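In my numbering, the protein residues as written are 1185 to 1362. In this text, a Cβ means the ideal position worked out from N, Cα and C, and glycines have one as well. These numbers come from a predicted model, not from an experiment.
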């Protein structure tokens, strides 16, 4: 119940503010987005500069496993590369990208391997990513493809079952309350 309330408040705050594409965001596909790749997805997205963005789908487990952990479908680009989204207070080292306070994306094989060995319980392993060229993400948001939420590591790394449905419901309720 506390999580539902927190998600509802997060959605309400997000709906009230325009998307700041210079910061990390959580995108939730609207039910109208009928797309084989992006329909019913939740993504964490961060700017790379020059109005380009990179993101990872966080709620789509694949049938593959790495040890006992599921490998998630992170996106349609670079599907042969595994990334680790890891919750921690500081950088995991190597080549990594700070997504938000407390959440990093490890992007080189050595760092991903280290995370798998030492802190897999705090990580989501994803194959592939999503990339937006300048203007693409702003256009998708303007066309209404996504609910835009403020980032929160606990949402990004939450178990995927029911996550999309819950975020859609709370985002739609917040939008209707305005």
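If you check the CB distance, residue 1337 and residue 1287 come in under 8 angstroms. Non-local C-beta neighbours of residue 1251 in its own chain, meaning closer than 8 angstroms and more than five positions away in sequence, comprise 1300 and 1304, ordered along the chain. Beta bridge pairing from DSSP links residue 1211 with 1227 and 1332.
Contact check between the segment 1227-1237 and the segment 1342-1352: fewer than three CB pairs, one atom from each, fall below 8 angstroms, which does not count as touching.
Apart from the 5 residues on each side of it in sequence, residue 1216 has no Cβ closer than 6 angstroms to any other Cβ in its chain.
A distance below 8 angstroms between beta-carbons, with the five flanking residues on each side excluded, links residue 1295 to the following residues of its chain, in chain order: 1268, 1276, 1277, 1278, 1279 and 1280.
In the structure shown, the three-state DSSP call for residue 1310 is strand. By the beta-carbon neighbour count (other beta carbons within 10 angstroms, threshold 16), residue 1308 is buried. For residue 1245, the enclosing beta strand (DSSP E) begins and ends at 1245-1250. In the three-state DSSP reduction, residue 1233 falls in the strand class (E or B). Taking C-alpha positions only, residue 1239 is separated from residue 1353 by approximately 22 angstroms.
Under the Cβ criterion (8 angstroms, minimum of three pairs), the segment 1324-1332 counts as touching the segment 1201-1215.
From the listed residues 1271, 1284, 1325 and 1322, the smallest Cα separation to residue 1302 is found for 1271.
In terms of CA proximity to residue 1244, 1254 leads the group 1237, 1254, 1236 and 1235.
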